[in-house]
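Heads up, the thing below is written out as structure tokens.
Number of protein chains: 2
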Amino acid sequence: MQHVPYFDAASAAPLHPVARQALLAALDEGWADPSRLYREGRRARLLLDAAREAAADAVGCRPDELVFTPSGTRAVHAGVAGALAGRRRVGRHVVVSAVEHSSVLHAVEDADVTEVGTDRTGLVDAGAFGAALREDTALACLQSANHEVGTVQPVDEAAELCRAAGVPLLVDAAQSLGWGAVAGGWSLLTASAHKWGGPSGVGLLAVRKGTRFAAQGPTDERESGRAPGFEDLPAIVAAAASLRAVRAEATAEAARLSALVDRIRTAVPELVPDVEVVGHPELRLPNVVTFSCLYVDGEALLHELDREGFSVSSGSSCTSSTLTPSHVLKAMGVLSEGNVRVSLPAGTEAGDVDRFLEVLPGVVRTVRARLGAPASGPAAGAGRTAGAQDEGEGEPDLVVDSLGKRCPIPVIELAKVIGDVPVGGVVSVLSDDEAARLDIPAWCDMREQEYLGAHAAPRGTAYWVRRVS
Amino acid sequence: MQHVPYFDAASAAPLHPVARQALLAALDEGWADPSRLYREGRRARLLLDAAREAAADAVGCRPDELVFTPSGTRAVHAGVAGALAGRRRVGRHVVVSAVEHSSVLHAVEDADVTEVGTDRTGLVDAGAFGAALREDTALACLQSANHEVGTVQPVDEAAELCRAAGVPLLVDAAQSLGWGAVAGGWSLLTASAHKWGGPSGVGLLAVRKGTRFAAQGPTDERESGRAPGFEDLPAIVAAAASLRAVRAEATAEAARLSALVDRIRTAVPELVPDVEVVGHPELRLPNVVTFSCLYVDGEALLHELDREGFSVSSGSSCTSSTLTPSHVLKAMGVLSEGNVRVSLPAGTEAGDVDRFLEVLPGVVRTVRARLGAPASGPAAGAGRTAGAQDEGEGEPDLVVDSLGKRCPIPVIELAKVIGDVPVGGVVSVLSDDEAARLDIPAWCDMREQEYLGAHAAPRGTAYWVRRVS
Numbered sequence: 001m002q003h004v005p006y007f008d009a010a011s012a013a014p015l016h017p018v019a020r021q022a023l024l025a026a027l028d029e030g031w032a033d034p035s036r037l038y039r040e041g042r043r044a045r046l047l048l049d050a051a052r053e054a055a056a057d058a059v060g061c062r063p064d065e066l067v068f069t070p071s072g073t074r075a076v077h078a079g080v081a082g083a084l085a086g087r088r089r090v091g092r093h094v095v096v097s098a099v100e101h102s103s104v105l106h107a108v109e110d111a112d113v114t115e116v117g118t119d120r121t122g123l124v125d126a127g128a129f130g131a132a133l134r135e136d137t138a139l140a141c142l143q144s145a146n147h148e149v150g151t152v153q154p155v156d157e158a159a160e161l162c163r164a165a166g167v168p169l170l171v172d173a174a175q176s177l178g179w180g181a182v183a184g185g186w187s188l189l190t191a192s193a194h195k196w197g198g199p200s201g202v203g204l205l206a207v208r209k210g211t212r213f214a215a216q217g218p219t220d221e222r223e224s225g226r227a228p229g230f231e232d233l234p235a236i237v238a239a240a241a242s243l244r245a246v247r248a249e250a251t252a253e254a255a256r257l258s259a260l261v262d263r264i265r266t267a268v269p270e271l272v273p274d275v276e277v278v279g280h281p282e283l284r285l286p287n288v289v290t291f292s293c294l295y296v297d298g299e300a301l302l303h304e305l306d307r308e309g310f311s312v313s314s315g316s317s318c319t320s321s322t323l324t325p326s327h328v329l330k331a332m333g334v335l336s337e338g339n340v341r342v343s344l345p346a347g348t349e350a351g352d353v354d355r356f357l358e359v360l361p362g363v364v365r366t367v368r369a370r371l372g373a374p375a376s377g378p379a380a381g382a383g384r385t386a387g388a389q390d391e392g393e394g395e396p397d398l399v400v401d402s403l404g405k406r407c408p409i410p411v412i413e414l415a416k417v418i419g420d421v422p423v424g425g426v427v428s429v430l431s432d433d434e435a436a437r438l439d440i441p442a443w444c445d446m447r448e449q450e451y452l453g454a455h456a457a458p459r460g461t462a463y464w465v466r467r468v469s
Numbered sequence: 001m002q003h004v005p006y007f008d009a010a011s012a013a014p015l016h017p018v019a020r021q022a023l024l025a026a027l028d029e030g031w032a033d034p035s036r037l038y039r040e041g042r043r044a045r046l047l048l049d050a051a052r053e054a055a056a057d058a059v060g061c062r063p064d065e066l067v068f069t070p071s072g073t074r075a076v077h078a079g080v081a082g083a084l085a086g087r088r089r090v091g092r093h094v095v096v097s098a099v100e101h102s103s104v105l106h107a108v109e110d111a112d113v114t115e116v117g118t119d120r121t122g123l124v125d126a127g128a129f130g131a132a133l134r135e136d137t138a139l140a141c142l143q144s145a146n147h148e149v150g151t152v153q154p155v156d157e158a159a160e161l162c163r164a165a166g167v168p169l170l171v172d173a174a175q176s177l178g179w180g181a182v183a184g185g186w187s188l189l190t191a192s193a194h195k196w197g198g199p200s201g202v203g204l205l206a207v208r209k210g211t212r213f214a215a216q217g218p219t220d221e222r223e224s225g226r227a228p229g230f231e232d233l234p235a236i237v238a239a240a241a242s243l244r245a246v247r248a249e250a251t252a253e254a255a256r257l258s259a260l261v262d263r264i265r266t267a268v269p270e271l272v273p274d275v276e277v278v279g280h281p282e283l284r285l286p287n288v289v290t291f292s293c294l295y296v297d298g299e300a301l302l303h304e305l306d307r308e309g310f311s312v313s314s315g316s317s318c319t320s321s322t323l324t325p326s327h328v329l330k331a332m333g334v335l336s337e338g339n340v341r342v343s344l345p346a347g348t349e350a351g352d353v354d355r356f357l358e359v360l361p362g363v364v365r366t367v368r369a370r371l372g373a374p375a376s377g378p379a380a381g382a383g384r385t386a387g388a389q390d391e392g393e394g395e396p397d398l399v400v401d402s403l404g405k406r407c408p409i410p411v412i413e414l415a416k417v418i419g420d421v422p423v424g425g426v427v428s429v430l431s432d433d434e435a436a437r438l439d440i441p442a443w444c445d446m447r448e449q450e451y452l453g454a455h456a457a458p459r460g461t462a463y464w465v466r467r468v469s
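In order, the protein sequence lines correspond to chains A and B. Those letters in the first sequence? Residues 1 to 469, by UniProt numbering. Those letters in the second sequence? Residues 1 to 469, by UniProt numbering.
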């Protein structure tokens, strides 16, 4: 098989060889019901117990605190529901970061939710997170690291503040557990095996002793009543074995991949004009780097990269079924158009990264040319200066009608006309595309123009921009 | 590897060779996220679509009516919850058979439930099932075949009655789907792949178009919003492939296994005294046979059979974590002590059944001897006849104190003393064992003694038995 680089490990990693071996062995030894008393059942029980011990050791909890669920999403759903029900009498207020995985945000959709924002790097401020805790806060949720931009969150500090307030903290460790245990006094932790090279079909839910927890849904005897249904034992065995294996390699591999990510972080803005690298430069996962390209359609970019053999994902609106930009990029307030997340699986070769950096500039150029994007650099046009004008009042000097046009067209049209108004003049972009709300301010930021704000228009929204340079 | 017979296919079947092959192939081809646009994602999507078409074809529904869940139990939970929520305005009454799988009974535990009983063969009367439907019935649930005794239920007839009443019928087809599609106008159907030789980790939920359904739990985009979490694609591919494979062999294999089951049904009562074969003699699954042995401790019997190399399961109270007999045997009103379910996996050899029949009599004899069980046949003792006595009144002639003793001891003690009272005399057995409620009447039935009833005693329950012969 031809070697093809795959750069979407944060979504799903290919099966680790150890996982494959363990799965095959457990298909023969672990297909029976572990609750049965006969030979095959006892053998299955031994395998399940051993897997639980190995996983608990990697998580840093006791085996009887950990259950296996059918996915990371199901672990989050069960963990949140059980914790909320266990503290029903305290209240129904929940604190989450605004950049949690959608499974967490959906799990709390019926609660009274406070979302704590982030800075432009996606970093949650632990103090702000702690300050959001209230008397009636039943649960707080903070990811160990962000799945879209790789920013590592101050979970340890947040856990201290939660403990002081008597609020349990649930940590979604899906992106980081393969790299190391989550430090600190969390109360609940969730993870997903196919993110670390384990098989799909296995999530983890750890609930520390002393945490109030009332499992929801119909009664079931399996997995301490916290994860109903017949255990997928071969997959569980493979998940535990591969977690142990990736952990053994984690320090060395993290250093190696982190250097590759650094190269991408440095090289992309040099090689491609009008790019914003997003996510924290230091507090980050070793294998994730995300950037956004002005005047680029994310879906077209993904297709072009795919044609070149690179599999990446994107938080751009055009790649989502709802045509809205990723809630993570929105919360960070960064550009969402032409967004690319590169997440390197363990074992990624430096040569693959080289080739990606070779290919990327041409791919972006092609997509931009197809869209008729303006030339890079500061806005072109005459250096006229407009007369004095009251901010946000009166009429704009120019109106661009981008109604019905999708990201990145409204931004491209704005960029094309900004030079047509004098310095100090105002352009109004009419758009009904959800991404414009994020991308027009981000464009102003990148091009040092002044964003004046958004107003509801008879159709869509009017975004006002003052030409400054 | 030495060939060891495994007779608990109704619990979990060993992996079918086709499932194993498909799983291995899909581990390489189907690990990526099927919702991604790149090469690996598109390949995963194709596999998922093909598996859904194959499974829908075997179920007899449209592909867009079928979703994959992480287990049969989860399919039942999601199906029941969605159907109940979809018909919330109709009411919260549910009709189920008393012998449904525990996942169904647990799924309806918060509803207003009518349980429809069975006859002594475990058969539900369709008319009685239909008569239980009410104006406010939101859902009816009837298994295609019983998991403990193999009795096949009149689903087709029940579906007609449900349709006439405008009530959706959910059919738990876990035990039968490998043998054939469920006929008739059901509205929802659930199944579990590891029952037909597929891998664990895969259930099916089919919801026919036009059935009101509102998925419960947090929002999730996958599987039409009915089964949250990352799809376990390799397992799904293997499940669909093996369903197709077992169906191709089903007619021939059903005939072959059915003949083996007939041999067991005939031979066991001939070879072992005081045995009751339970379940319907004709309306039954091809591969399941269940019998109960008087004066036998189910757990000891399982252990002895395991030592001889046979893996079977039991509905006896001593093999359950709750120390209560199986709710199925209870609903049927049959003997629960010394209960053995033999469920043959596809490919079971006739020689294995021969050896089982060779071994069984000695094993039962050993267990009985260890418990000091009475000799077989009619009650020993003098042929005295007691004077006239009013039924259920006055004092018993003899009281046996079996308090604190577990099944089958109370029945053994009753059998030992029945000959000590004259014909017409009454023995009272004091017991606090839940199984006695089922097994003392069943013993009376088998030994042609008269069961007079149970009364609360200062401790435990007094079971009164009149010696008749």
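Quick reminder that beta carbons are idealized off the backbone N, C-alpha and C, glycines included.
So, does the CB of Gly82/B fall closer than 9 Å to a CB anywhere in chain A?
no
Here's the rule I'm using: 16 or more other beta-carbon atoms within 10 Å means buried, otherwise exposed. How should Arg384/A be labelled?
Any reading at Arg384/A must be qualified, since the residue scores a pLDDT of 44, below 50, and its modelled position is unreliable; no value is offered.
Does Gly383/B have its Cβ less than 9 Å from a Cβ in chain A?
Note that Gly383/B scores a pLDDT of 41, beneath 50, so its modelled location is shaky and nothing firm can be said.
Using the three-state DSSP reduction, which class does Thr121/B fall into: helix, strand or coil?
coil
Give me, in chain order, the residues of the same chain whose beta-carbon lies closer than 8 Å to that of Ala25/B; leave out the 5 immediate sequence neighbours on both sides.
Val237
I need the DSSP call for Phe129/A, collapsed to helix, strand or coil.
helix
Taking Cβ-Cβ distances shorter than 9 Å, what residues in chain B pair up with Leu323/A?
The contacting residues do not exist; Leu323/A stays about 14 Å from chain B at best.
Based on Cα-Cα distance, which residue from His106/B, Leu305/B, Gly30/B lies nearest to Tyr38/A?
Leu305/B
Does any CB atom of chain B fall closer than 9 Å to the CB of His194/A?
yes
At a Cβ cut of 7 Å, what residues of the segment 30-41 of chain A count as close to chain B, listed as they run along the chain?
Trp31, Ala32, Asp33, Arg36, Leu37, Tyr38, Arg39, Glu40
Answer with yes or no whether the minimum CB distance from Phe213/B to chain A is below 9 Å.
no
Can you pull the chain B residues whose beta carbon is under 7 Å from the beta carbon of Gly404/A, in chain order?
By Cβ distance, chain B contributes nothing, its closest Cβ being about 23 Å from Gly404/A, past 7 Å.
Return helix, strand or coil for Gly381/B, following the three-state DSSP convention.
Confidence at Gly381/B is low in this model, with a pLDDT of 41, below 50, so its placement is unreliable and the value that follows should be read with caution. DSSP places Gly381/B in coil when its eight states are reduced to three.
In whole angstroms, what separates the C-alpha of Cys318/B from that of Leu371/B?
14 Å
Which chain A residues sit within Cβ distance under 9 Å of Arg74/B?
Pro70, Arg74, Pro228, Gly229
Report the rounded CA-to-CA distance for Gln91/B versus Val113/B, giving the unit in angstroms.
Going by the sequence as given, residue 91/B is Gly instead of Gln. Each residue's alpha carbon lies about 11 Å from the other.
How would you list, in chain order, the residues of chain B whose beta-carbon sits under 7 Å from the beta-carbon of His77/A?
Gly217, Pro218, Pro228
Please report the straight-line C-alpha distance between Ala254/A and Ala128/A, rounded to a whole angstrom.
Rounded to the nearest angstrom, the two C-alpha atoms are 30 Å apart.
When we look at the beta-carbon of Gly351/B and count the other beta-carbons within 10 Å, is it buried (16 or more) or exposed?
exposed
Interface residues of chain C around Leu257/A at Cβ under 9 Å?
Protein chains A and B are contained in the structure displayed, whereas chain C is not.
Beta-carbon within less than 7 Å of Ser402/A's beta-carbon, same chain only, minus the 5 sequence neighbours each way: which residues are those?
Ile409, Pro410, Glu413, Val429, Leu430, Ser431
When the distance is taken between beta carbons, is Ala164/B closer than 9 Å to Gly130/B?
yes
What are the residues of the segment 236-250 of chain B that lie near chain A, defined by any Cβ-Cβ distance shorter than 8 Å?
Cβ contacts with chain A come from no residue of the segment 236-250 of chain B.
Note down the Cα distance separating Cys293/B from Leu15/B, rounded to an integer number of angstroms.
The straight-line gap from Cα to Cα measures roughly 31 Å.
Which one of His194/A, Arg244/A, Glu135/A has the shortest CA to CA distance from Gly166/A?
Glu135/A
Just mark His77/A as buried or exposed, buried being the case when its beta carbon has 16 or more other beta carbons within 10 Å.
Looking at its Cβ environment, which holds 16 or more other Cβ atoms inside 10 Å, His77/A is buried.
Go ahead and label Asp110/A buried or exposed: buried means 16 or more other beta carbons lie within 10 angstroms of its beta carbon, across all protein chains shown.
exposed
Consider the Cβ of Ala350/B: report whether some Cβ of chain A lies at a distance smaller than 9 Å.
no
Nearest by alpha-carbon distance to Tyr451/A: which of Ile264/A, Ala442/A, Ser102/A is it?
Ala442/A
Please report the residue range of the alpha helix (DSSP H) in which His327/B lies.
327-332
For a minimum of 3 consecutive residues, which ranges assigned as the beta strand (DSSP E) are wholly contained in the segment 40-113 of chain B?
66-69, 93-97
In chain order, what residues of the segment 428-451 of chain A put their CB closer than 8 Å to some CB of chain B?
none
Checking the sheet assignment: what are the DSSP bridge partners for Arg466/A?
In the DSSP output, where bridge partners are listed per residue, Arg466/A has Val426/A, Glu450/A.
Taking only three categories from DSSP, how would you classify Gly356/A?
It is Phe, not Gly, that sits at residue 356/A in the sequence shown. Three-state DSSP puts Phe356/A in a helix.
If you pair each beta-carbon of the segment 276-284 of chain B with each one of the segment 148-155 of chain B, do three or more pairs fall below 8 Å?
Yes, they touch.
Can you tell which of Arg45/B, Glu223/B, Lys330/B has its C-alpha closest to the C-alpha of Glu100/B?
Lys330/B
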